[in-house]
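Below: one structure, written as structure tokens.
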DNA sequence: CTACATGCAAACCGTTTGCCCACTT
DNA sequence: AAGTGGGCAAACGGTTTGCATGTAG
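Chains as they are written, first to last, in our numbering: chain A, 697 to 842; chain B, 697 to 842.
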């Protein structure tokens with residue numbers, strides 16, 4: 697297969713869902729695909745424009761909603777009043793937010809995941825999703841000692 | 697001048713923090729205090745106006761921020777793009793959100809709380825807070841009267 | 001060629017704020 | 001009487017949308 701534009705796994709997902717693939721969507725897909733953090737719309741737009749200046753912020757909004765509805769990306773709300781995104785193809789994880797630096801650490805704990813399912817069931821619900829964020833302070837060396 | 701509004705536990709907290717107690721703040725405190733759900737600003741305003749029509753929405757915003765900063769209320773973001781509040785004096789709990797009706801159910805699970813603390817520690821953090829929301833669909837088998 | 005996607009700017013919506021008057025202390 | 005709080009409406013910031021044009025299929 698020829699490589700005119702860089703092909704991403706998201707591209708394939710889009711095609712599989714039958715959505716029309718424009719250059720903008722390809723660029724945004726590539727940005728998401730090659731990000732290992734949780735960029736917000738503005739940042740995604742910035743990264744997209746670096747690849748192709750023709751991408752407008754409105755298209756970023758529209759495309760991310762499209763991707764989200766298609767289950768291609770996951771939208772987060774870390775409490776900054778701005779949506780943050782990451783590829784849904786990344787393995788599931790939750791987040792620890794450093795309340796001092798704002799840094800985001802990822803983790804996954806299957807025991808908690810199991811418990812959540814059970815709790816939901818106990819209350820008469822089928823779990824369709826969850827959000828768990830731990831907020832904390834980094835432990836200093838002297839804290840560890842005591 | 698007039699002292700027509702009843703005294704609430706939040707009132708006392710406010711006084712303890714040395715904040716000036718106006719009629720509006722008392723009304724809003726009373727609304728929060730007597731709510732066992734998670735009303736948003738508009739709903740709090742509605743309830744406040746029912747007690748005293750003189751309360752403006754701007755004051756509701758200002759007062760709730762004040763209360764939040766003072767640790768008197770807890771602000772939630774259940775993903776509707778609107779802040780929801782509840783009294784901080786209520787015992788700790790997390791939430792299950794019915795993705796179909798938006799209804800909010802409260803629960804508390806000490807096993808998960810323990811695990812969260814451990815996970816944070818494992819990653820070098822002291823847990824200072826957490827947010828956990830389970831999203832799910834009601835399992836309906838008996839309440840099907842239509 | 002047609003239907004859908006994009007760019008632009010205006011509209012939107014929850015929230016914040018400036019200004020000036022009212023009220024608490 | 002001094003100074004904070006409230007009401008109103010305008011400002012704000014992130015997000016959505018109407019319209020005319022561009023483009024994938």
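All C-beta atoms in this analysis are idealised placements derived from N, C-alpha and C, irrespective of residue type, glycine included.
Short CB-CB distance (under 7 Å) between residue i and chain B
| i | result |
| --- | --- |
| residue 732/A | no |
| residue 787/A | no |
| residue 808/A | yes |
| residue 774/A | no |
| residue 820/A | yes |
| residue 762/A | no |
Min CB distance residue i to chain A below 7 Å
| i | result |
| --- | --- |
| residue 816/B | yes |
| residue 812/B | yes |
| residue 841/B | Any answer about residue 841/B is weak, because its pLDDT of 39 lies below 50 and its placement is not dependable; what the coordinates show is given next. Closer than 7 Å: no. |
| residue 843/B | This structure cannot speak to residue 843/B, because chain B is shown only from 697 to 842. |
| residue 741/B | no |
| residue 824/B | yes |
| residue 782/B | no |
For residue i, three-class secondary structure by DSSP
| i | result |
| --- | --- |
| residue 796/B | coil |
| residue 763/B | helix |
| residue 755/B | helix |
| residue 878/A | Past the boundaries of the shown model lies residue 878/A; chain A is included only from 697 to 842, so the question cannot be answered. |
| residue 833/B | strand |
| residue 750/A | coil |
| residue 806/B | helix |
| residue 783/A | strand |
| residue 827/A | strand |
| residue 741/A | helix |
| residue 770/A | strand |
Beta-carbon gap between residue i and residue j smaller than 7 Å
| i | j | result |
| --- | --- | --- |
| residue 779/A | residue 767/A | no |
| residue 819/A | residue 801/B | yes |
| residue 717/B | residue 828/A | no |
| residue 825/A | residue 757/B | no |
| residue 747/B | residue 725/B | no |
| residue 727/B | residue 744/B | yes |
Contact between the region 736-752 of chain B and the region 790-809 of chain B (3+ Cβ pairs under 8 Å): The answer is no - the region 790-809 of chain B does not touch the region 736-752 of chain B, with fewer than three Cβ pairs under 8 Å.
Positions along the region 790-803 of chain A whose CB lies within less than 8 Å of some CB in chain B: From the region 790-803 of chain A, only 792, 794, 795, 801, 803 have a Cβ closer than 8 Å to chain B.
Contact between the region 805-825 of chain B and the region 806-819 of chain A (3+ Cβ pairs under 8 Å): With the cut-off at 8 Å, the region 805-825 of chain B and the region 806-819 of chain A touch.
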